[in-house]
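Written out below as structure tokens is the structure these notes cover.
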Amino acid sequence: MASVPARAAQSTAPAITSKIARCAPTRASRVLARASSSSSSTSSTSSSKEPLGVGFSAAGFVFPQLVGSWEVLVELGVMREDTPVAGASAGSLVAALHACGKTPADGKRILSEVLADTRVNGVVGRVGGVLEKALRANLPTDAHVTCSRGNLFVSVSSPRVVQGERGIEFGLDGELVSSFETYDDLIGALLASCHIPLYCGWPARRYRDKWCVDGGWHNLTPKPLTAEKSIRVCPFPLLDAWRKAQPGDGTETGDVFAQQASFWAGWGDDDAAGLLISPDAAGGQPRPEWDYTKGDTIKYAFLPGSDEILEQMVAIGREDAERWAKTVGYAKNFVEIAVN
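Here the UniProt record's numbering is used: position 294 in the sequence shown is 294, and no number is missing along the way.
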């Protein structure tokens, strides 16, 4: 189906909302319907937050799946021009492109050029430079202004070494950057969020007087702080691992993979609430035509695949979002009816 332009999708959102309210009996549907229908009446005194935001996860070279989900969310009117977005690592690039008014087709083209370059010329020590070139060639010169309106949140991680009870301990501090002083400041935030040691150059990247590494290490799929509720989009099947993790936030045990640790806090809770798009969310099952194990995903996250693999990933991202949409009560024909 042809993509609905972002502006057209924005204008059809009320029609979609009214149909959801009548047709979707699930708890998740009601949550999303309330969020959408309250957009015009959100009180600035109680909260100036948008009803619904979207967060994109770290993904590496599996970014095409994020783009596929992005396409569907725009087509359905779930993501509009004013929808606040957040991202970590490759997800920060997708989020920034949306915040700057780029379409999913733009995003696929820009990020595919990065993939093509690294596939031919290598990845180690090069990814940061290739990304910077692509960003400067495609983000408008006023992007830092456009992205400083509470509409973009970029996850940045800063390593720290402290003297703990068990001796020298390594940890990560994280923050969401949402205000950018200059164009270079925005570019720096995105590159810091994407900084995988050695792949992107030195072990860490200097940003705002801190050494930074991949933003997904501290917060895999951040949520925009200006949204009441946020959908998280991730290409990795992590629900089973999250459910087996110990409860708590890991502060006492030092376990950064505890269920409420910053890395993936509340992952399964978001799935239950209809706020998670991933290969195993919304009742997702393994695909026999694509051996989509976690190991394969990680392999392609670090090694750029072929153009054929890229297209498969886009298709999988679309399937994940379409399955989510069906589960919570959205349907593509709502948009088609509203437009026609």
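The C-beta atom is built at its ideal place from N, Cα and C for all residues, glycine as well.
Val124 beta carbon less than 8 angstroms from that of Val114: No. Outside cutoff.
Collapsed DSSP secondary structure at Lys244 in the structure displayed: Helix, per DSSP.
As assigned by DSSP and simplified to three states, the class of Ala227: The answer is strand: DSSP assigns Ala227 an E or B state.
One or two residues paired with Leu172 in a DSSP bridge: Leu172 pairs with Pro159.
Sequence-distant residues of its chain with Cβ nearer than 6 angstroms to Gly68 (five each side left out): Non-local C-beta neighbours of Gly68 in its own chain, meaning closer than 6 angstroms and more than five positions away in sequence, comprise Val314, Gly317, Arg318, ordered along the chain.
Which of helix, strand or coil DSSP assigns to Arg205: Of the three classes helix, strand and coil, the one that applies to Arg205 here is strand, per DSSP.
Buried/exposed call for Thr327, threshold 16 Cβ in 10 Å: Flag for Thr327 reads buried.
First and last residue of the uninterrupted alpha helix (DSSP H) at Trp324: From DSSP, the alpha helix (DSSP H) with Trp324 extends over 307 to 328.
Neighbourhood of Val54 by C-beta distance below 7 angstroms, restricted to the same chain and skipping five residues each side: So the list reads Leu73, Met79, Thr83, Val85, Ser230, Ile231, Val233, once near-sequence residues are dropped.
Cα-Cα separation between Ser306 and Ser57, rounded to whole angstroms: Between the alpha carbons of Ser306 and Ser57 lies a gap of roughly 22 angstroms.
Close beta carbons around Lys223, own chain, < 6 angstroms, minus the five adjacent residues each side: Around Lys223: Gly55, Ala86, Ser230.
Closest by C-alpha distance to Asp320, when choosing among Leu310, Gly329, Glu311, Leu276: It is Leu276.
Pair within 8 angstroms by beta-carbon distance, Gly174 and His218: The beta carbons of Gly174 and His218 sit closer together than 8 angstroms.
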